[in-house]
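Residue numbers (our numbering): 480 to 664. Think of the CB as a built atom: it goes at the ideal place given N, C-alpha and C, for glycine as much as any other residue.
1. From the DSSP output, in three-state form, read off residue 496 for me.
2. Grab me the residues of residue 631's own chain with a C-beta within less than 8 Å of its C-beta, minus the 5 sequence neighbours each way, in chain order.
3. Across the stretch 539-548 and the stretch 606-626, are there enough close Cβ pairs to call them in contact, namely three or more that are closer than 8 Å?
4. Do you know offhand how far residue 549's Cα is from residue 491's?
5. Pull up the DSSP beta-bridge partners for residue 627, would you.
6. For the alpha helix (DSSP H) that contains residue 509, what are its first and last residues?
7. One question on the structure: do residue 533 and residue 540 come within less than 7 Å of each other, judged by their Cβ atoms?
8. Which stretch, first to last residue, makes up the alpha helix (DSSP H) that contains residue 588?
9. To the nearest angstrom, how far is it from the Cα of residue 608 to the Cα of residue 646?
10. For residue 519, collect the residues of the same chain with a Cβ closer than 8 Å to its Cβ; drop the 5 residues on either side in sequence, then sort them by chain order.
11. With a threshold of 8 Å on Cβ separation, who are the neighbours of residue 498 within its own chain once the five nearest residues in sequence on each side are excluded?
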């Protein structure tokens, strides 16, 4: 299942790069997978870690994921998928999308789901810390939300949720360190 998920992300995310960078998007997905693997051996969770952005960022549907990987993987991917509201500018919908994501996580208290989401946020903040050290505050210009205070609200809110199930893990502590470095100065 894991190799099938990995093959699919390389097929469907082919040619995509990280926001404001030249790095292949699949690098992020590999990072998320490795972090998740440090927290669990559950194949469903690990496949979902690879696939967490596939519906949001490609033309792949939840139905395809359900057919290929089963209901549990599809449910995890669906929970991690933002409604981007294509009819609006991403800047306009940023706050509501993040509020919806926080709502779904709070109301679906599930350690496996939290592993996937924490792995994604840790991979993101690892990259942000590296880039912030090189770019300073210019980093925020590449995001849909350019106000670091708003981004801080989002990541601190995520950490508050993850603390419930994963607060004693190395990955959570690394996330908190990254958040503190980036925002809680």
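Quick answer:
1. Taken through DSSP and simplified to helix, strand or coil, residue 496 comes out as strand.
2. 658, 661, 662 and 663
3. no
4. 18 Å
5. DSSP, once it has assigned bridges, lists no residue as partnering residue 627.
6. Run containing residue 509: 504-516, per the alpha helix (DSSP H) assignment.
7. no
8. Unbroken run through residue 588: none, as it is neither H nor E.
9. When the Cα atoms are used, residue 608 and residue 646 turn out to be separated by approximately 21 Å.
10. 525, 591 and 594
11. 621 and 622
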